[in-house]
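J.: I'd like to ask some things about the structure below.
Encoded structure:
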């Protein structure tokens with residue numbers, strides 16, 4: 001046998017329990033045709049000498065917003081720790097863009113201001129130009145007075161296509177808009193923002209964001225991307241990227257099913273799933289929300305938020321309605337990705353899956369609970385029992401994002417910290433873990449996620465937060481490869497380096513198994529191969 005490509009002198013961690021390690025791997029026709037020892041390797045037209053470096057399966061990022069991504073045209077607020085720093089960054093951006101008609105910012109951290117931000121905080125920094133600020137999780141939007149006017153928000157108009165405007169005690173808009181991820185990123189919400197002239201919502205900006213994110217994913221060794229929230233309109237962006245040769249990682253696009261989605265929309269989803277269904281571009285899973293996020297107290301908790309009276313947050317559906325909806329979608333053969341962060345929200349989803357199985361009978365649905373941030377111990381075993389995948393983002397549990405002194409930890413209170421991102425408990429209970437970045441909510445680099453899953457520390461080190469819920473390195477890697485492949489029904493050709501599977505793999509600069517955990521974030525991808533073709537060289 002003469003292969004197209006041979007990788008030699010490698011430390012190949014296959015993530016295949018039947019054949020866990022190899023020194024060499026041969027590829028032909030875009031697939032793996034042989035694995036074994038260097039001495040037994042076949043001849044090949046091209047040879048890659050790994051020089052003893054680690055080879056892993058290509059990463060499968062199970063929740064990566066490449067279409068939304070990070071927007072270079074926005075003021076970047078990541079790391080801005082207070083209002084003064086936010087003002088400095090906006091001022092510098094305005095000086096560099098004197099022609100701007102809007103100020104758009106991203107990456108705002110709730111912890112930068114005590115309480116929720118208001119127009120009174122933003123107006124002095126922005127003047128008469130309309131300004132909007134997206135939170136780092138893109139679940140809320142903060143607007144100044146000029147933007148409120150342009151967006152048509154006043155005391156009588158708060159229920160918007162792109163969110164819910166909050167009012168103060170006198171019935172005036174505060175400038176804070178919740179439910180943006182649920183409404184503003186929907187088809188109707190996005191169209192409304194574009195019609196109102198918000199530059200961020202324009203088609204050209206969306207395509208630029210997508211291309212930047214796709215390039216980043218390839219460079220990080222992410223060979224399959226799961227884009228978790230799209231309208232049917234957005235599929236054209238991915239098809240364009242593919243036709244222009246810019247889609248070098250495989251992509252699975254989930255279609256957004258907000259509350260109020262009708263039978264005609266569901267039929268359109270089914271047609272899209274039939275149209276986009278190959279190894280490079282697939283549509284079909286449905287994205288739903290049951291609750292929002294913890295920091296602004298919009299996730300649904302079993303017990304009240306700390307220091308907020310009886311407030312426990314709300315679910316977007318009454319439990320009975322959500323159970324009926326999921327049962328209907330399950331019967332139609334759809335897989336559901338359900339955003340759920342609070343313990344009551346998660347329980348509502350698990351109850352709905354249980355109801356669907358009781359009505360429809362068990363099937364291999366692989367419905368996902370996405371985020372699983374605050375999970376009651378009583379619900380841990382239900383994931384494996386119901387065949388529900390825990391799609392989690394390890395970086396979110398880092399103490400410098402969610403830990404003591406941060407809005408997440410303070411909102412739930414110390415008595416519930418043991419519920420925070422219980423990765424080890426879920427793994428030991430037999431649940432499938434599908435790891436992901438949630439870019440651009442957090443860094444896209446899988447090394448950051450793997451490091452956090454293993455250490456539960458911040459990127460600068462320091463004390464670990466809830467280290468008893470960390471996982472070992474092999475489990476973290478599996479979560480980013482085979483776990484995520486299984487979660488998306490592609491474990492037959494991705495997720496492990498196995499003869500017959502697609503030749504999607506990455507060559508790392510260091511052996512993760514031979515370095516201290518604190519060095520993992522510094523590891524880089526030296527080579528990325530998709531379908532036997534080199535798509536990135538570091």
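Numbering (UniProt numbering), first residue to last: 1 to 538. Here a beta-carbon is modelled for each residue, glycine too, at the ideal position from N, C-alpha and C.
1. What residue range does the alpha helix (DSSP H) around residue 263 cover?
2. Under 8 angstroms: do the region 424-435 and the region 479-490 share three or more Cβ pairs, one atom per stretch?
3. What are the start and end residues of each continuous alpha helix (DSSP H) run of 4 or more residues lying completely inside the region 400-476, in chain order?
4. Here's the rule I'm using: 16 or more other beta-carbon atoms within 10 Å means buried, otherwise exposed. How should residue 120 be labelled?
5. Please confirm if the region 395-405 is in contact with the region 456-463, defined as three or more CB-CB distances below 8 angstroms between the two stretches.
6. Which residues in the same chain as residue 145 place their Cβ atom closer than 6 angstroms to its Cβ, once the five residues preceding and following it in sequence are excluded?
7. Is it right to say residue 513 is buried, meaning 16 or more other beta carbons lie within 10 angstroms of its own, or is it exposed?
8. What beta strand (DSSP E) runs, 3 residues minimum, are completely inside the region 135-159?
9. In chain order, what residues of the same chain have a beta carbon less than 8 angstroms from the beta carbon of residue 412, not counting five sequence neighbours either side?
10. Does residue 539 come out as helix, strand or coil in the three-state DSSP assignment?
11. Flag this pair as yes or no: are the beta carbons of residue 348 and residue 299 separated by less than 8 angstroms?
12. Any heavy atom of the ligand ATP closer than 7 angstroms to the Cβ of residue 249?
13. Between which residues of its own chain and residue 138 is the CB-CB distance below 6 angstroms, once the five residues before and five after are set aside?
14. Just to confirm the assignment, what range does the alpha helix (DSSP H) spanning residue 536 have?
15. If I follow the unbroken beta strand (DSSP E) through residue 207, where does it start and stop?
16. So, under 8 angstroms CB-CB, residue 116 and residue 296 are touching, yes? Tell me the CB distance rounded to an integer number of Å.
17. Can you check whether the CB of residue 103 is closer than 8 angstroms to the CB of residue 94?
18. Roughly how many angstroms lie between the CA atoms of residue 159 and residue 446, to the nearest whole one?
19. Identify whether residue 86 lies in helix, strand or coil by the three-state DSSP scheme.
20. Using the rule of at least 16 other Cβ atoms within 10 Å of the residue's Cβ for burial, across every protein chain shown, is residue 1 buried or exposed?
21. Excluding sequence positions up to five away, which residues of its chain have a Cβ less than 7 angstroms from the Cβ of residue 238?
22. Jot down the residue ranges of each uninterrupted beta strand (DSSP E) in the region 475-534, minimum 3 residues, whole runs only, in chain order.
23. Beta-carbon separation of residue 326 and residue 356 under 8 angstroms?
24. On a CA-only basis, which of 46, 379, 469 is nearest residue 423? Give me that one, please.
25. Can you have a look at residue 99 and say buried or exposed, based on whether 16 or more other CB atoms are within 10 angstroms of its CB?
26. Here's a check: name, in chain order, each residue in its chain whose Cβ is nearer than 7 angstroms to the Cβ of residue 386, leaving out the five neighbours to either side.
27. Can you tell me the Cα-Cα spacing of residue 346 and residue 10, whole angstroms?
28. Apart from the five residues on each side of it in sequence, which residues of its chain come closer than 7 angstroms, Cβ to Cβ, to residue 47?
29. So is residue 627 buried or exposed if we call it buried at 16+ other beta carbons inside 10 Å?
30. Does residue 179 pass the burial test, meaning 16 or more other C-beta atoms within 10 Å, or should it be called exposed?
31. What does a CB cutoff of less than 7 angstroms around residue 426 pick up in its chain, not counting 5 residues either side in sequence?
32. Roughly how many angstroms separate the alpha carbons of residue 331 and residue 321, rounded to a whole number?
33. Assign residue 538 to one of two classes, buried (16 or more other C-beta atoms within 10 Å of its C-beta) or exposed (fewer than that).
34. If you follow the alpha helix (DSSP H) that residue 183 is part of, which residue opens it and which one closes it?
35. Taking the straight line between their C-alpha atoms, what separation do you get for residue 153 and residue 438?
36. So, using beta-carbon positions, are residue 44 and residue 3 closer together than 8 angstroms?
T.: The relevant details are as follows:
1. In the DSSP annotation of this structure, the continuous segment of the alpha helix (DSSP H) that includes residue 263 starts and ends at 263-275.
2. Yes, they touch.
3. Counting only runs of 4 or more residues that sit fully inside the region 400-476, the alpha helix (DSSP H) segments are 407-412, 423-428, 446-455, in chain order.
4. So residue 120 ends up on the exposed side.
5. Verdict: yes, contact present.
6. Excluding its 5 nearest sequence neighbours in each direction, residue 145 has C-beta neighbours in its own chain below 6 angstroms: 119, 123, listed in chain order.
7. Only exposed fits residue 513, as fewer than 16 other CB atoms lie within 10 angstroms of its CB.
8. Within the region 135-159, the complete beta strand (DSSP E) runs of at least 3 residues are 141-143.
9. Only 294, 301, 305, 306, 374, 419, 420 meet the Cβ criterion.
10. A question about residue 539 goes unanswered here, because the residues of the chain that appear run from 1 up to 538.
11. Against a cut-off of 8 angstroms, the Cβ pair of residue 299 and residue 348 comes out as no contact.
12. Because no ligand of any kind appears in the structure shown, any question about the ligand ATP cannot be addressed here.
13. Excluding residues within five positions, the ones whose Cβ falls inside 6 angstroms are 181.
14. Annotation: residue 536 is outside any alpha helix (DSSP H); the continuous beta strand (DSSP E) that includes it extends over 533-537.
15. Bounds of any beta strand (DSSP E) do not take in residue 207; it lies within the alpha helix (DSSP H) bounded by 203-219.
16. Right, the Cβ-Cβ distance comes to about 6 angstroms (below 8 angstroms), so this counts as a contact.
17. Their beta carbons are under 8 angstroms apart, which means residue 94 touches residue 103 by this criterion.
18. When only Cα atoms are considered, residue 159 and residue 446 end up about 38 angstroms apart.
19. In the structure shown, residue 86 sits in a helix (DSSP, three-state: H, G or I).
20. So residue 1 ends up on the exposed side.
21. So the qualifying residues of the chain are 247, 251, 253, 281.
22. Listed in chain order, the complete beta strand (DSSP E) runs (minimum 3 residues) inside the region 475-534 are 505-508, 525-530.
23. The answer is yes: Cβ separation under 8 angstroms.
24. Comparing Cα positions, the closest option is 469.
25. Residue environment for residue 99: exposed (fewer than 16 other C-beta atoms within 10 angstroms of its C-beta).
26. Only 350, 353, 354, 357 meet the Cβ criterion.
27. Distance from the CA atom of residue 346 to the CA atom of residue 10, rounded to whole angstroms, is 42 angstroms.
28. Closer than 7 angstroms at the Cβ level, and outside the excluded window around residue 47, lie 6, 8.
29. The shown model of the chain, from 1 to 538, leaves out residue 627, and the question about it has no answer.
30. With a threshold of 16 other beta carbon atoms within 10 Å, residue 179 meets it and is buried.
31. A distance below 7 angstroms between beta-carbons, with the five flanking residues on each side excluded, links residue 426 to the following residues of its chain, in chain order: 380, 383, 390, 433.
32. Here the alpha carbons of residue 321 and residue 331 stand approximately 15 angstroms from one another.
33. Residue 538 should be labelled exposed.
34. From DSSP, the alpha helix (DSSP H) with residue 183 extends over 180-183.
35. Straight through space, the alpha carbons of residue 438 and residue 153 are spaced by roughly 30 angstroms.
36. Contact: yes.
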